[in-house]
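Worksheet: the structure to be examined is printed underneath.
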Amino acid sequence: MGNHPREQFDNPVVEWVDSRLPIFTILNKEYGVFPTPKNFNYFWNFGAIAMFMLVTMIVTGIILAMHYTANVNLAFDSVERIMRDVNGGWLLRYIHMNGASFFFIAVYIHIFRGMYYGSYKRPRELLWILGMVIFLLMMATAFIGYVLPWGQMSYWGATVITNLFSAIPYVGEHIVTLMWGGFAVDNPTLTRFFALHYLLPFVIFAVVFLHIWALHVTGSNNPLGIDVKGPQDTIPFNPYYTMKDFFGLIVFVMIYCMFIFYMPDALGHSDNYIPANPLSTPAHIVPEWYFLPFYAMLRAITFNMNVYMLAGLALLAVVLVEFVWRHKPKYLNAPIGFLIFAAGGALALFGFLADMNQDWEIPMSAAEVAPVPAKLGGVLTMFGSIAMLFIMPWLDTHPIRSARFRPLYKATFLLLFVLFVALGYIGSQPADANVAGIPLSVFGLALTGYYFGFFLVILPLLSRFEKGRKLPLSIHEAVLAKKQQFQGVSA
Amino acid sequence: MKARHLIPVLAIAVGAILPLAPASANSGGAEPLVHQDWSFDGPFGTYDKASLQRGLKIYREVCAGCHSLKRVYFRNLEGIGYNEEQIKAIASQYTVQDGPNDEGEMFDRPAKPSDYIPSPFPNDNAAKSANNGALPPDLSLITKAREDGANYVFSLLTGFEAAPHGVEMSETQHWNKYFPGHKISMPPPLSPGQVSYADDGSPETLEQYAKDISHFLTWAADPYMEERKRTGVKVILFLLVFAGIMLGLKKKTWADLH
C-alpha cells in the first residue's frame, strides 16, 4: 500500500492526515472509485442493508445494556423498566428486538442472492465461507440474546437448545455443564450469555471486515455471473451504488419501521412476556422464526441409527463418492456399483424398520445400543445442514455461475428455497402435529432429504451434466442489448 | 418485469409470508376467541379514556382481590386521563409499607403517586395459599403474554358456562370455553350490576365490564401505544418522502450512464 505513489488531496487537513495514514486514499479506492459491475439488480443491496442492521443492533444494544440487569431475579423486571420507565426505552427495545429479525431477513436474502447467482464459486469461495462464519455467529448471538429477557421462551428455549449439546458422545455432558455454569440453566448461564451477547457482535464486525476485504480482492459477482472483462463493464461505486444502496436501504427501513411501530410483538412469542418459571413448561416451545427450518430438521430425525442403518448409509456414501462425485469411477465398475447401491439401500431400510419395530427384537437393533441415537442424529442433521452451505463451492463446480443460464439449477434451487420455507412452517408446529393423519415429522424428514439431496447429489450431478445456456460476451454488451430491446419495445 | 425476474421475486414473497402463518396450535382444544372492535385497533387506534377509567374501577373493585398489577405506578394513571390531584386522591386510599425509618422500623403510610399499585398478597406463596393452590397471575402484562391478548381476556371473562356432562371437575375448578384445557381455577369474577357505572351511565352488563377491563389491561401492558403509533406515522411519512427523493437522486445519477 505505502509503496504506491499517493495522489495529493486539495484539503490541507485531509492531506495532512492522509500523508501520515492514508485512510482517505483507501476509502477513495475502496468506496469511491472502486470499479463495480454496472448491472447489479436490487438483490445487491442487501450486503449494505445487513451492515446497517449490524450497526443498528450494536448501537441500540449498547444503550440497552446500560439499563439491563443480568440477574435471574431482576432481568425480566429490568427489561420491563426499559419498556416503561426509561425515556424512549420502548423504542430502543423494539428497534433491537425487531432488528434481530430484520438482520436475519437481510442476511437470508443476501445468502439467497449469493446462491442464485453463484457468488460462492471460484474465486469467491473464501468470501462465501467468511459469510457463513458470520451467519453462524449471528445464530449464536441471536439465540443467547433471546435468553436475556428471561421470559418463559427465553428460559425454555435455552434449556432445549443447550441440552442438544449433551447428545455429543463422551464430552456432551461436560459441554452442557460448561455452558450452564452449573447443573441447570440458572444465574451463571444468564450472566455468561450476557457477556457473550455483548462480545459476539464485535467478533461479527471483525469477520464482516474480512468478508468485505475478500470482496474487494475478487470484486463483486453480478446477475450475469460472468467476469468483468474491462473498464466498460464497470462503474465507480460512488455515486452510482451509494445512491442505489441508499434508496434500497430506506425502503427496507420503512418496512422495518412498520413492524417497530405497528406490530412490534408480531415476530415474537407471547409467552416471553411471562417471567421465566423453571417449574412450569410452556405447552409448546418454539425458537424464533429465523431458526425454524433448522429446528424442523433437528426434529425430523425421530429414529435411532443402529449399526445396520449406518452400514447401509456407508455403502450408499461409497456409491455417492465413486459414481456421483468422481467424473469417472476409479475403483468400481457399474454392475458392482449397482450391487453396492442396492445392498446399501436395503440395509439402511432394514435398519430403519428394525428400529421402528423394536418388538422384532433383531440383534443389535435395540434403541439403547444404537451408535447414533435419534437426538444425536437430529443434532448432526441440523449442523450438517449448515455444513452443506460451507462446502457448497466444492459441491457445485459448474463453470456457469448465474442461475439465469442454468435452467436445471434454477428449478432445483428455487424448489429448495420453497421447501426450506415449508420446513420453517413445520418447525413452527407442535411436535405431534399431523396433516391428514400423517405426522408432520414425516414431511419434515422428506424435505430434509431433499435439502441434503440437493447439495450432495443434485449439485454434483448438475455440475457434470447440465449444459446451460449461452453466456453473453460481456456485461457491457448484455446491458446494451437489454437497453436496445427496451427502447425497441417502447418505440 | 420479465418472467425470469418474477420467479425469484415470487419465491421470496412466498418465503416472506409463510413463516408469518400462525405458529401456535389451538392448545387444549379451546374455542376460537370472540373478536371485539377495539378503539386501539389499527395504525391510528387510540385508547378510549372513559373505558380505561371504568376498567380501573373494575380492577380495583373486583380483580384486585386476587390479582396484582405490580408494574403500574399510580403516576402512570395520567395515561388514562386522571390529573395529578385525582391520582393523589386515588393513591392515598392505599397503604404501603415504607422504611426503615431513623429508628430502623418499617412503617405504614398512605401511598403516593410515585408508588406502585400495591399487590393483594405479599408473595406468590401467600397468593396460592389463599386461592386453593392456584396462583392468580399478575395482570400488568397479561394482554401481551397471551396471543391476541385483549380478545383473550374478553373471551375468558365471558366464557364461563356449566361443565359438559360427564366431565370430572374438582370443587375449585370452573369450566371456561376459552381457557386452554377448559378447567380454570378462577371462579366467574364478573356478574351484571356488580360494579356501579352511575358516573357515566354505561350499561352495567357482563359484556361491558369485560370490554372495559380488557381495554384497561391492554393499556396497562402497553402504556406507550398511542405515542408509538403517532411516532410511527411521522417516521413512515418521513421515510416515504426520503425514499422518493433518493429514488429521484438515484435516477438522476444513473441517467448519464451508457
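Going down the list, the protein sequences come from chains A and B. For what it's worth, the working numbering labels the leading residue of the first sequence as 553, then goes sequentially. For what it's worth, the working numbering labels the leading residue of the second sequence as 208, then goes sequentially. In this text, a Cβ means the ideal position worked out from N, Cα and C, and glycines have one as well. On a predicted model such as this, the values are computed, not experimentally measured, just so you know.
CB contact check: residue i to chain A, cutoff 7 angstroms
{"i": "Glu354 (chain B)", "result": "yes"}
{"i": "Lys441 (chain B)", "result": "no"}
{"i": "Met453 (chain B)", "result": "yes"}
{"i": "Arg437 (chain B)", "result": "no"}
{"i": "Leu346 (chain B)", "result": "no"}
{"i": "Ala230 (chain B)", "result": "Summary for Ala230 (chain B): the model assigns pLDDT 40, below 50, so the residue's position carries little reliability; its value from the coordinates is reported in the next sentence. Judged by the 7 angstroms Cβ criterion, Ala230 (chain B) is in contact with chain A."}
Beta-carbon contacts of residue i that lie in its chain and below 6 angstroms, excluding the five residues immediately before and after
{"i": "Gln380 (chain B)", "result": "Lys390"}
{"i": "Ile420 (chain B)", "result": "Gly262, Ile265"}
{"i": "Phe656 (chain A)", "result": "Tyr842"}
{"i": "Leu444 (chain B)", "result": "none"}
{"i": "Arg953 (chain A)", "result": "Gly670, Lys673, Gly777"}
{"i": "Pro816 (chain A)", "result": "Tyr646"}
{"i": "Phe811 (chain A)", "result": "Asn650"}
{"i": "Ile1067 (chain A)", "result": "This structure does not reach residue 1067 (chain A), given that chain A is present from 553 up to 1043, and the question cannot be answered."}
{"i": "Thr612 (chain A)", "result": "Leu644, Ile647, His648"}
Proximal residues of chain B, C-beta to C-beta of residue i below 8 angstroms
{"i": "Ser822 (chain A)", "result": "Lys351, Ala352, Arg353, Glu354, Gly356"}
{"i": "Asp817 (chain A)", "result": "Lys351"}
Contact set between residue i and chain A, taken where Cβ atoms lie within less than 7 angstroms
{"i": "Thr460 (chain B)", "result": "Pro791, Tyr792, Met795"}
{"i": "Arg278 (chain B)", "result": "Glu632, Arg636"}
{"i": "Tyr431 (chain B)", "result": "Trp642"}
{"i": "Pro250 (chain B)", "result": "Tyr814"}
{"i": "Lys457 (chain B)", "result": "Met795, Lys796, Phe799"}
{"i": "Leu446 (chain B)", "result": "Ile802, Val805, Met806, Cys809"}
Closer than 7 angstroms to chain B by CB, residue i
{"i": "Val803 (chain A)", "result": "yes"}
{"i": "Tyr750 (chain A)", "result": "no"}
{"i": "Phe798 (chain A)", "result": "yes"}
{"i": "Ile647 (chain A)", "result": "no"}
{"i": "Tyr825 (chain A)", "result": "yes"}
Delimiting residues of the beta strand (DSSP E) encompassing residue i
{"i": "Pro250 (chain B)", "result": "Counting along the chain, Pro250 (chain B) falls outside any beta strand (DSSP E), and DSSP gives it neither H nor E."}
{"i": "Gln304 (chain B)", "result": "302-305"}
{"i": "Asp315 (chain B)", "result": "314-317"}
{"i": "Thr949 (chain A)", "result": "Segment: none, Thr949 (chain A) is in no beta strand (DSSP E) and carries neither H nor E."}
{"i": "Thr588 (chain A)", "result": "587-589"}
Cross-chain neighbours of residue i in chain A, by beta carbon under 8 angstroms
{"i": "Phe449 (chain B)", "result": "Ile802"}
{"i": "Leu464 (chain B)", "result": "Lys590, Ile787, Tyr792"}
{"i": "Leu424 (chain B)", "result": "Residues of chain A passing the Cβ test: none, with the nearest at roughly 12 angstroms."}
Spatial neighbours of residue i in its chain, beta-carbon cut-off 7 angstroms, leaving aside the 5 residues before and after
{"i": "Ser427 (chain B)", "result": "In the sequence on display, residue 427 (chain B) carries Ala and not Ser. Closer than 7 angstroms at Cβ, skipping near neighbours: Leu276, Val279, Leu346, Ser347."}
{"i": "Thr412 (chain B)", "result": "Pro399"}
{"i": "Ala863 (chain A)", "result": "Leu899"}
{"i": "Ile826 (chain A)", "result": "Gly703, Gln704"}
{"i": "Asp255 (chain B)", "result": "Ser246, His422"}
{"i": "Trp912 (chain A)", "result": "Ala906"}
{"i": "Leu679 (chain A)", "result": "His763, Ala766, Leu767, Thr770"}
{"i": "Leu616 (chain A)", "result": "Ile634, Leu644, Arg645, His648"}
{"i": "Glu1018 (chain A)", "result": "His950, Arg958, Leu960, Tyr961"}
{"i": "Pro887 (chain A)", "result": "none"}
Cβ neighbours of residue i in the same chain (closer than 8 angstroms, five flanking residues each side left out)
{"i": "Phe965 (chain A)", "result": "Met667, Tyr668, Ala955, Phe1006"}
{"i": "Ser1026 (chain A)", "result": "Ile778, Lys781, Gly782, Gln784, Asp785"}
{"i": "Leu752 (chain A)", "result": "Leu689, Ala692, Thr693, Ile696"}
{"i": "Thr438 (chain B)", "result": "none"}
{"i": "Ile609 (chain A)", "result": "In the sequence as presented, Ile is not what sits at residue 609 (chain A); that position holds Met. So the qualifying residues of the chain are His648, Gly651, Ala652, Phe655, Pro753."}
{"i": "Ile452 (chain B)", "result": "none"}
{"i": "Ala866 (chain A)", "result": "Gly896"}
{"i": "Glu725 (chain A)", "result": "Ser718"}
{"i": "His619 (chain A)", "result": "Ser630, Arg633, Ile634, Val638, Gly641"}
Run of the alpha helix (DSSP H) containing residue i, from where it starts to where it stops
{"i": "Ile914 (chain A)", "result": "Neither: Ile914 (chain A) is in no alpha helix (DSSP H) and is coded neither H nor E."}
{"i": "Thr729 (chain A)", "result": "724-732"}
{"i": "Pro791 (chain A)", "result": "789-814"}
{"i": "Thr770 (chain A)", "result": "739-770"}
{"i": "Thr460 (chain B)", "result": "432-462"}
{"i": "Glu414 (chain B)", "result": "413-428"}
{"i": "Ile713 (chain A)", "result": "704-716"}
{"i": "Gly641 (chain A)", "result": "641-668"}
{"i": "Leu689 (chain A)", "result": "677-699"}
Residue ranges of each alpha helix (DSSP H) run of no fewer than 4 residues wholly in the segment 595-627 of chain A, ordered along the chain?
-> 598-619
Minimum length 4: unbroken alpha helix (DSSP H) runs contained in the segment 802-888 of chain A = 844-852, 859-871
Residue ranges of each beta strand (DSSP E) within the segment 304-369 of chain B, 3 or longer | 314-317
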